[in-house]
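Student: Structure provided below as structure tokens; questions to follow.
In the UniProt record's numbering, the protein residues as written are 1 to 150.
Written out as structure tokens, the structure reads:
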């Protein structure tokens, strides 16, 4: 199974959800995937399942994810200025950092960088790397309540 294909499908789903206003349920059928260059035979059931998990989880936790992104943007960046490709990659990756603790932060960040290089603007991968690095570090630090419980 290639989790990269699953992440690309999830990214494309989130982008279509954000830009096209298409209902998530319609997007999660992935009937659009072959039209966008991902033939059904090129993605297996596990990849589609992983993409569904990422996309649905991201949308379910969207307000918390967006707050995390806003909190970790550089002072001169306005959340509304983040282009939709970068935002979709960031949202998906922040979901993984916060809710998929079985996946190493370094893997999540590297995958986001690779997807940004493929689909984003020329230097968007640097921006994505910086934001995810901050969020990844913050997510790995236990809260005071968690630390005292150990």
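Heads up, the beta-carbon is just placed ideally off N, CA and C, and yes, glycines get one too.
#1: Is it right to say residue 151 is buried, meaning 16 or more other beta carbons lie within 10 angstroms of its own, or is it exposed?
#2: Taking the alpha carbon of residue 56 as the reference point, which residue from 133, 79, 92 and 67 has its own alpha carbon closest?
#3: Can you give the Cα-Cα distance for residue 149 and residue 105, rounded to whole angstroms?
#4: Over what stretch of residues does the alpha helix (DSSP H) that includes residue 121 continue unbroken?
#5: Taking residue 56 as part of the alpha helix (DSSP H), name the residues at either end of that continuous run.
#6: Inspect the beta-carbon positions of residue 47 and residue 2 and report whether they are closer than 8 Å.
#7: So residue 88 is in the alpha helix (DSSP H); what residue range does that whole segment cover?
#8: Taking residue 9 as the reference, give the member of 117, 121 and 30 with the closest Cα.
#9: Residue range of the alpha helix (DSSP H) that residue 20 falls in?
#10: Taking residue 136 as the reference, which of 63, 85, 103 and 51 has the closest Cα?
#11: Give every residue of the same chain whose Cβ lies closer than 8 Å to the Cβ of residue 99, excluding the five residues on either side of it in the sequence, and list them in chain order.
#12: Since residue 97 and residue 107 should fall inside the 8 Å C-beta cutoff, what is the C-beta to C-beta distance between them, to a whole number of angstroms?
#13: By Cβ distance below 8 Å, which residues in the same chain neighbour residue 18 in space, the five residues on each side in sequence not counted?
#14: If you run the structure through DSSP and keep just helix, strand and coil, what is residue 68?
#15: Let me confirm a value: residue 79 is counted as buried when at least 16 other C-beta atoms fall within 10 Å, else exposed. Which label applies?
Tutor: Short version:
#1: The structure shown does not extend to residue 151, since the chain is modelled only from 1 to 150, so the question has no answer here.
#2: 92
#3: The pLDDT assigned to residue 149 is 48, lower than 50, so where the model puts this residue is not dependable; a value taken from the coordinates is nonetheless given after this. If you take the alpha carbons of residue 149 and residue 105, they lie about 23 Å apart.
#4: Unbroken run through residue 121: none, as it is neither H nor E.
#5: 45-60
#6: Contact: yes.
#7: 84-99
#8: 30
#9: 3-20
#10: 103
#11: Excluding residues within five positions, the ones whose Cβ falls inside 8 Å are 57 and 61.
#12: Between residue 107 and residue 97 the Cβ distance is about 10 Å, and since that is not below 8 Å, they are no contact.
#13: 84, 87 and 88
#14: helix
#15: exposed
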